[in-house]
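Asker: One structure is given below, represented as structure tokens, and several questions about it will come after.
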Amino acid sequence: MDVFFNQAFAGLSMASILLMVALGLAIIYGAMGVINLAHGEFVMLGAYSAWLLQSYLGLGILASLPLIFLMVGLIGLAVERGVVRWLYHRPLDTILATWGIGIVLQQLVRMGVGSDSRYVARPTILDGNVAIGGVVMSNYRIFLVFFSLSVLAATWYLLTRTEFGTKLRAVIQNKEISECYGIRTDRIYALAFAYGAGLAGIAGALVTPLVSVTPGMGTYLVVDAFLVVIVGGVGSLLGTAVASGLVGEATALFSFLMNDTLGRVAVLLAIIMLIRFKPQGLFPDKVRR
Amino acid sequence: MKRRDFLKGVTATGAVGVAGFPGIWIKRQGAWAANGEIPVGVLFSLTGAVAVVESTLHDACMMAIEEINDNGGIHGMRLKPHVEDPASDPATFADRARRLVIRDRCVSVFGSYTSASRQAVLPVVEGRNNLYWYPTLYEGRECSRNVMYGGAVPNQQQQEFVPWLAENFGGRFYLIGNNYVYPREENNVCKIILDRIGGEPVHEEYVPMGHSDFSSVINRIRREQPDVIFCTLVGDSDVAFQRQFHAAGFDPDQLPVASLTRSEVEVKAIGGEAAAGHFSSAPYFMGHQSGENERFVEAYLRKYGQDQVTHFVSEAAYFQVYQFKAALEKLDPADITPEAIRDASVGLSITAPQGEVLIDENLHTHLWPKVAQWQSNGQAEVVLQSEERMAPEPYWAYEGQSCTGEGLVRG
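Going down the list, the sequences are from chains A and B.
Every position in the first sequence, counted from 1, becomes a number in the working numbering once 4 is added.
Every position in the second sequence, counted from 1, becomes a number in the working numbering once 284 is added.
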């Protein structure tokens with residue numbers, strides 16, 4: 005039984021990381037219909053920002069989170085203003101453009117910082133484990149679960165309880181009519197893109213204690229995040245949350261029953277089946293476009 | 285056009301062709317090393333996924349070439365490095381190797397980190413009867429007459445390591461590796477040794493390349509309660525695993541991770557604290573005490589920065605250039621061919637940073653296996669030094685097959 009709970013917690017912890025990466029992706033995809041293939045690189049930039057702030061300013065990961073959010077958000081803003089905004093009426097081209105931006109960002113980091121893996125220290129206050137019976141949970145992973153839930157809550161609040169959120173939802177529903185009501189849609193788009201990028205940055209910073217920080221690290225994380233967005237249904241916060249839980253737990257379950265390689269195959273197969281029967285995802289967008 | 289004009293035109297074009305591009309008519313039979321230069325290829329990825337490690341091999345190799353040139357070259361001739369960047373892609377490796385061997389007429393090519401890239405280059409160097417100097421430890425089971433293998437094969441890394449682990453920590457091994465040929469071959473060898481000494485592999489598993497979430501693996505380790513984690517994870521997976529393993533609160537004195545692939549490069553990324561107390565087996569560690577190594581490390585850090593590290597593959601990338609030099613010195617400058625270099629290097633012994641290394645007639649290298657324990661400062665402390673140099677047996681796990689001077693012999 006302990007094994008089961010241990011594994012359930014492992015799934016939860018995977019889900020929390022997925023959720024943070026996928027949230028930014030879901031917002032960008034949901035709001036603008038832009039499939040942001042550079043999202044993994046925003047995650048990577050977040051991780052490198054954490055490394056930068058730690059090794060040059062001596063800031064721990066937790067202390068530097070707001071700064072990282074701003075830094076990566078600004079980079080996101082620059083990408084949106086510089087490239088993506090010219091392509092809103094050509095959604096297919098955004099795939100190519102953002103993919104190219106991703107490669108450029110990766111190579112810039114490789115040339116500027118070097119391609120070897122960087123070390124970011126764990127926050128020492130979150131060292132150690134909590135053991136309940138035979139269930140051992142690392143404090144840091146517990147923290148990640150709660151943090152990702154609060155990021156979800158904050159995003160929900162932003163979208164439903166603030167003026168920016170109301171405008172964003174209006175723009176998602178009908179861009180032209182919103183413009184008629186005096187909403188500056190390009191500004192809304194830019195801010196939403198920057199917010200999504202900032203979230204990716206935070207996610208990148210928070211995974212640094214668990215993985216290896218390299219220029220290519222984002223690629224692995226973002227594939228799963230895409231799966232989450234597709235399973236959850238485009239543009240649905242609830243869908244993203246539920247889907248990351250599902251994908252995380254399914255990965256944990258299958259890799260426990262078989263092994264990590266076959267587990268991954270099983271998860272992908274399950275997702276293909278789901279898409280076959282629910283092409284819109286679990287929580288389809290009810291908005292008419 | 286009249287027929288006469290046409291013929292005139294053809295003749296004229298032909299004459300211009302012969303005069304203008306004599307190269308296409310004359311088969312190039314010139315000496316391999318001419319004009320005071322010995323062309324060599326340097327084929328390590330500077331971009332792409334494997335560049336993290338391979339660029340350090342490039343650096344070590346180039347440093348050796350520069351040192352040799354600064355000290356008067358070989359027979360008064362300078363080494364002329366032709367550098368290509370194969371971008372971590374095996375197909376590009378083959379293409380660039382072809383370019384180095386055919387267009388640049390290199391007498392030897394130094395290159396590769398991964399087995400995949402070596403195997404892509406193999407048909408090129410074998411077809412052209414050139415020589416490829418490969419510095420990495422690898423899974424063995426290969427016996428080319430055109431590759432000089434500078435790294436350890438499984439028997440050199442494990443023959444002393446596994447019994448020592450079993451004796452000190454117990455014989456129940458948990459085998460984990462990335463899912464490709466190297467970990468599988470190494471684990472084969474490990475299981476054979478465990479079988480002989482009465483140990484037991486309690487679980488064997490492989491995760492995809494680049495896998496970075498090990499919570500399931502750690503839960504399984506908790507359940508199996510092994511004595512030793514025998515780890516052949518590479519690169520990012522190794523870093524992620526070790527950090528998560530440490531965070532899960534295991535005590536290295538009770539359950540050490542014994543790695544065949546972890547070098548100073550990975551430990552730098554893992555962080556000394558999380559790596560401390562665990563073990564690696566390799567012929568070379570940066571902290572190895574020898575005059576030759578002190579000189580090597582000092583020169584390397586001076587050239588590439590104090591925050592750099594040397595490791596067991598970059599050491600081989602470095603000393604292989606010196607093996608190449610020693611072989612050339614045995615030859616008459618007019619006789620330099622890839623084949624002659626190969627024949628001259630068999631039995632050759634030079635002092636490398638790890639100790640005196642010798643090239644076997646099967647073109648692998650006799651090395652000095654060491655077991656080291658990682659310290660919190662990111663350096664390794666050698667805890668077990670092999671009494672004698674160990675001979676390479678790339679077919680150790682395969683009874684009835686052995687790699688000899690005549691190639692692979694069965695029976």
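Ideal Cβ positions, reconstructed from N, Cα and C, are used throughout, including at glycine.
All values reported here derive from a predicted model rather than from experimental measurement.
State yes or no: is the C-beta of ARG288 (chain B) within less than 9 Å of the C-beta of ARG429 (chain B)?
Answerer: No, these two residues do not count as a Cβ contact at 9 Å.
Asker: How about ASN439 (chain B) and MET674 (chain B): do their beta carbons lie closer than 9 Å?
Answerer: Yes, the Cβ-Cβ distance between ASN439 (chain B) and MET674 (chain B) is below 9 Å.
Asker: Threshold first: 4 residues or longer. Then list the alpha helix (DSSP H) segments lying entirely within the segment 609-692 of chain B, N to C.
Answerer: Those alpha helix (DSSP H) runs which fall completely within the segment 609-692 of chain B and span 4+ residues are 622-629.
Asker: Assuming GLY332 (chain B) and ASP388 (chain B) are in contact, meaning their beta carbons sit under 8 Å apart, how far apart are those beta carbons, in whole angstroms?
Answerer: Incorrect: roughly 22 Å between the Cβ atoms, too far for contact.
Asker: Below 9 Å between beta carbons is the criterion; list the residues of the segment 13-24 of chain A that meet it against any residue of chain B, in chain order.
Answerer: The residues in question are PHE13, ALA14, GLY15, SER17, MET18 and ILE21.
Asker: Quick one: does LEU214 (chain A) have its CB under 9 Å from some CB of chain B?
Answerer: With 9 Å as the cut-off, LEU214 (chain A) counts as an interface residue toward chain B.
Asker: If you pair each beta-carbon of the segment 516-531 of chain B with each one of the segment 100-117 of chain A, do three or more pairs fall below 8 Å?
Answerer: The segment 516-531 of chain B vs the segment 100-117 of chain A: no contact.
Asker: Roughly how many whole angstroms lie between the Cα atoms of ASP591 (chain B) and ASP190 (chain A)?
Answerer: Straight-line Cα distance between these residues: approximately 45 Å.
Asker: Can you list, in chain order, the residues of the segment 116-127 of chain A whose Cβ is nearer than 9 Å to any Cβ on chain B?
Answerer: For the segment 116-127 of chain A, which is checked against every Cβ of chain B, the residues closer than 9 Å are GLY118, SER119, ASP120, SER121, ARG122, TYR123, VAL124, ALA125 and ARG126.
Asker: Name the chain A residues whose beta carbon is nearer than 7 Å to that of GLY494 (chain B)?
Answerer: Within 7 Å Cβ-Cβ: TYR224.
Asker: Could you list which residues in chain B have their beta carbon closer than 8 Å to that of PHE260 (chain A), in chain order?
Answerer: Within chain B, the residues near PHE260 (chain A) are SER500, ASN503 and ARG504.
Asker: Whose CA, out of A:ASP97, A:GLU180 and A:GLN110, lies closest to the CA of GLY50 (chain A)?
Answerer: For GLY50 (chain A), the nearest C-alpha among the options comes from A:GLN110.
Asker: In angstroms with no decimal places, state the Cα-to-Cα distance between ARG145 (chain A) and GLY222 (chain A).
Answerer: So the alpha carbons of these two residues sit roughly 19 Å apart.
Asker: Mapping the DSSP letters down to three states, classify SER499 (chain B) as helix, strand or coil.
Answerer: Three-state DSSP puts SER499 (chain B) in a helix.
Asker: With 16 other CB atoms within 10 Å as the buried threshold, where does ILE276 (chain A) fall?
Answerer: Its Cβ having fewer than 16 others within 10 Å, ILE276 (chain A) is exposed.
Asker: Can you tell me the Cα-Cα spacing of SER121 (chain A) and ALA559 (chain B), whole angstroms?
Answerer: Those two C-alpha atoms are separated by around 15 Å.
Asker: Can ALA600 (chain B) and ALA636 (chain B) be called in contact, C-beta distance under 9 Å?
Answerer: Closer than 9 Å, so yes.
Asker: Can you pull the chain A neighbours of LYS286 (chain B), defined as C-beta to C-beta under 9 Å?
Answerer: Per Cβ cutoff of 9 Å: no residues; LYS286 (chain B) is ~56 Å from chain A at best.
Asker: Once you ignore the five residues that flank GLY424 (chain B) on each side, which residues in its own chain have a CB closer than 6 Å to its CB?
Answerer: Answer for GLY424 (chain B): VAL437, PRO438 and PRO678, listed in chain order.
Asker: Check the Cβ-Cβ distances between GLY533 (chain B) and every residue of chain A, and say whether any is below 9 Å.
Answerer: Chain A, which has a Cβ nearer than 9 Å to the Cβ of GLY533 (chain B), makes this yes.
Asker: Could you pull the DSSP bridge partners for PHE363 (chain B) from this structure?
Answerer: It should be noted that the sequence gives Leu, not Phe, for residue 363 (chain B). Beta-bridge pairing links LEU363 (chain B) to B:ILE322.
Asker: Taking a contact to mean a Cβ-Cβ separation below 9 Å, would you say ARG468 (chain B) touches HIS487 (chain B) in this structure?
Answerer: The answer is no: Cβ separation not under 9 Å.
Asker: Within 8 Å, do at least three Cβ pairs link the segment 7-19 of chain A to the segment 255-268 of chain A?
Answerer: The segment 255-268 of chain A, when compared against the segment 7-19 of chain A, does touch it at the 8 Å Cβ threshold.
Asker: Could you check how far apart the C-beta atoms of VAL408 (chain B) and ALA375 (chain B) are, in whole angstroms? I think they sit under 8 Å.
Answerer: Incorrect: roughly 11 Å between the Cβ atoms, too far for contact.
Asker: What's the call for TRP680 (chain B), buried or exposed, on a 16-neighbour Cβ count within 10 Å?
Answerer: TRP680 (chain B) comes out buried.
Asker: Any C-beta of chain B sitting closer than 9 Å to the C-beta of GLN111 (chain A)?
Answerer: Chain B contact via Cβ: present.
Asker: Which of the three DSSP states, helix, strand or coil, is assigned to PHE603 (chain B)?
Answerer: Three-state result, PHE603 (chain B): helix.
Asker: Are LEU172 (chain A) and LEU231 (chain A) touching if we call contact CB-CB under 9 Å?
Answerer: No, Cβ-Cβ distance for LEU172 (chain A) and LEU231 (chain A) is not below 9 Å.
Asker: Rounded to whole angstroms, what's the CA-CA distance from CYS474 (chain B) to PRO653 (chain B)? Just pull it up for me.
Answerer: About 16 Å.
Asker: State the Cα-Cα distance for the pair VAL405 (chain B) and TYR422 (chain B), rounded to the nearest angstrom.
Answerer: Rounded to the nearest angstrom, the two C-alpha atoms are 15 Å apart.
Asker: Can you name the residues of chain C whose CB is closer than 7 Å to the CB of GLN528 (chain B)?
Answerer: This model lacks chain C altogether; the protein chains it does include are A and B.
Asker: How many angstroms separate the CA atom of GLY44 (chain A) from the CA atom of VAL233 (chain A)?
Answerer: Each residue's alpha carbon lies about 14 Å from the other.
Asker: Taking 8 Å as the threshold, find out whether the segment 604-620 of chain B comes into contact with the segment 350-364 of chain B through three or more Cβ pairs.
Answerer: These segments touch.
Asker: For chain A, is any of its Cβ atoms less than 9 Å away from the one on VAL336 (chain B)?
Answerer: Closer than 9 Å: yes.
Asker: In terms of residue numbering, what span does the alpha helix (DSSP H) encompassing ILE513 (chain B) cover?
Answerer: Looking at the DSSP string, ILE513 (chain B) is not in any alpha helix (DSSP H); the run it does join, the beta strand (DSSP E), is 512-516.
Asker: By alpha-carbon positions, which one of B:SER543, B:LEU291 and B:ASN319 ends up nearest to ALA618 (chain B)?
Answerer: Nearest of B:SER543, B:LEU291 and B:ASN319 to ALA618 (chain B), Cα basis: B:ASN319.
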